[in-house]
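**Student:**
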Amino acid sequence: MNNTEKKMTFKDYAVVSSLLFGLFFGAGNLIFPLHLGQLAGHNWGPAALGFLVTGVLLPLLSVLAIAITRAKGVYDVGLPLGTGFALTFMVLIHATIGPLFGTPRTATVAYAVGLKPFLGADNSWGLLLFSALFFGAAFAFSYRENDILSNVGKVLNPLFLALLTLVFVVAFASPL
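Numbered per full-length UniProt numbering, the sequence shown spans residues 1 to 176.
(1) DSSP three-state call for D122: helix, strand or coil?
(2) Pairs of beta-carbons, one from the region 89-96 and one from the region 109-124, closer than 8 Å: are there three or more?
(3) With a CB to CB cut of under 8 Å and the five nearest residues on each side skipped, what residues in its chain are close to H42?
(4) So, using beta-carbon positions, are F21 and P33 closer together than 8 Å?
(5) Determine whether the beta carbon atoms of P59 and F24 lie at a separation below 8 Å.
(6) Under the assumption that G126 contacts L133 (Cβ atoms under 8 Å), give the Cβ distance between them as a whole number of angstroms.
(7) For the candidate residues S17, G98, V56 and T9, whose alpha-carbon lies nearest to that of L30?
(8) Note down the Cα distance separating V77 from F135, rounded to an integer number of angstroms.
(9) Give me, in chain order, the residues of the same chain whose beta-carbon lies closer than 7 Å to that of V15; leave out the 5 immediate sequence neighbours on both sides.
(10) Taking only the alpha-carbon atoms, compute the straight-line gap between F130 and A48 and give it to the nearest angstrom.
(11) State buried or exposed for S17, treating a residue as buried only when at least 16 other CB atoms are found within 10 Å of its CB.
(12) State the CB to CB distance for the pair N151 and F160, rounded to an integer number of angstroms; the pair is presumed to be in contact (CB under 8 Å).
(13) Which same chain residues, not among the five before or five after W44, have their C-beta less than 7 Å away from its C-beta?
(14) Can you give the Cα-Cα distance for L39 and L100, rounded to whole angstroms?
(15) Give me, in chain order, the residues of the same chain whose beta-carbon lies closer than 6 Å to that of L19; leave out the 5 immediate sequence neighbours on both sides.
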C-alpha cells in the first residue's frame with residue numbers, strides 16, 4: 001500500500017458491503033426464487049442450483065474480477081483481449097443491465113408486487129405513472145455520481161433491510 005491509499009475502517013467496509021448487497025439483492029431476488037421454487041415443484045434442486053449460479057456466483061465473480069485486476073471498469077476488464085472486444089463487451093454489458101433487461105424489470109417487479117394488487121384490473125395507467133415516479137426517484141438518488149455510495153449504502157439499503165426485517169417479523173408473528 002502506498003501513501004496515497006487510505007486504510008479502510010470498519011465503517012467503510014460496512015458501507016461498501018451494504019452497497020454491494022443493495023446492488024445485487026433487489027426486490028426481484030427476493031420474489032423470483034420463491035416463484036421459481038413454486039414453478040419447479042419437485043425439480044427445485046436444479047432450479048435452485050441454476051439460480052445460485054446465475055444470481056450469486058456470476059455476480060460474485062464479476063466483483064472479484066474487478067477487484068483482482070484492479071480494473072477501473074468493464075472496459076478495462078476486456079482490454080487485454082483488444083480494444084474492439086473491450087468496447088463490444090462494455091456496450092453489451094451496459095445494454096443488458098440497463099435498457100434491455102435490468103432497468104425495466106426494476107420498475108415492473110416493484111409495481112407488480114407493491115401496487116398492482118391494490119389497483120383495479122383495468123388500470124392501464126398505473127404502471128406508467130409508477131414507472132415515472134420510480135425512475136424519477138432513482139434519478140434523484142443517482143444524479144451525482146459521488147453520492148451513489150452514500151445514497152445506496154447509507155440510506156436506501158438500510159431502509160430496505162429495515163422494511164425486510166419488518167416483513168419477516170410480521171410474517172412470523174401472524175402467519176397466513
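Each residue gets a CB set at the ideal place from its N, CA and C atoms; glycine is no exception.
**Tutor:** By the coordinates alone:
(1) If you number the sequence shown from 1, residue 122 lands on position 122. In the structure shown, D122 sits in coil (DSSP, three-state: anything other than H, G, I, E or B).
(2) Taking 8 Å as the limit for Cβ pairs, the verdict is that the region 109-124 does not touch the region 89-96.
(3) Reading the sequence shown from its first residue, position 42 is the one you call residue 42. Spatial neighbours of H42 in its own chain (CB-CB distance under 8 Å, excluding positions within 5 residues in sequence) are not present.
(4) Taking the sequence shown and counting its residues from 1, one reaches residue 21 at position 21. Taking the sequence shown and counting its residues from 1, one reaches residue 33 at position 33. Taking 8 Å as the Cβ cut-off, F21 and P33 do not qualify as a contacting pair.
(5) As a working note, residue 59 is residue 59 in the sequence shown. As a working note, residue 24 is residue 24 in the sequence shown. Cβ distance < 8 Å, so P59 and F24 count as in contact.
(6) As a working note, residue 126 is residue 126 in the sequence shown. As a working note, residue 133 is residue 133 in the sequence shown. Their Cβ separation, rounded to whole angstroms, is 11 Å, which puts G126 and L133 out of contact at 8 Å.
(7) For the purposes of this step, residue 30 is taken as the residue at position 30 of the sequence shown. Considering only S17, G98, V56 and T9, the residue with the shortest C-alpha distance to L30 is V56.
(8) Translated into positions along the sequence shown, residue 77 becomes position 77. Translated into positions along the sequence shown, residue 135 becomes position 135. Annotation: V77 to F135 spans about 29 Å, alpha carbon to alpha carbon.
(9) Mapped onto the sequence shown, residue 15 falls at position 15. L149, G153 and K154.
(10) Counting from 1 along the sequence shown, the entry for residue 130 is found at position 130. Counting from 1 along the sequence shown, the entry for residue 48 is found at position 48. For F130 and A48, the gap between their C-alpha atoms comes out near 31 Å.
(11) Residue 17 sits at position 17 when you count from the first residue of the sequence shown. Counting Cβ neighbours within 10 Å, S17 comes out exposed, since fewer than 16 surround it.
(12) Start at 1 with the first residue of the sequence shown, and residue 151 comes out as number 151. Start at 1 with the first residue of the sequence shown, and residue 160 comes out as number 160. Actually they do not touch by this definition, with Cβ atoms about 12 Å apart.
(13) In the sequence shown, residue 44 corresponds to position 44, counting from 1. When the five nearest sequence neighbours on each side are left out, the beta carbons in the same chain lying within less than 7 Å of the beta carbon of W44 are those of G37, in order along the chain.
(14) For the purposes of this step, residue 39 is identified with residue 39 of the sequence shown, where counting begins at 1. For the purposes of this step, residue 100 is identified with residue 100 of the sequence shown, where counting begins at 1. So the alpha carbons of these two residues sit roughly 25 Å apart.
(15) Indexing the sequence shown from 1 puts residue 19 at position 19. L149, V152 and G153.
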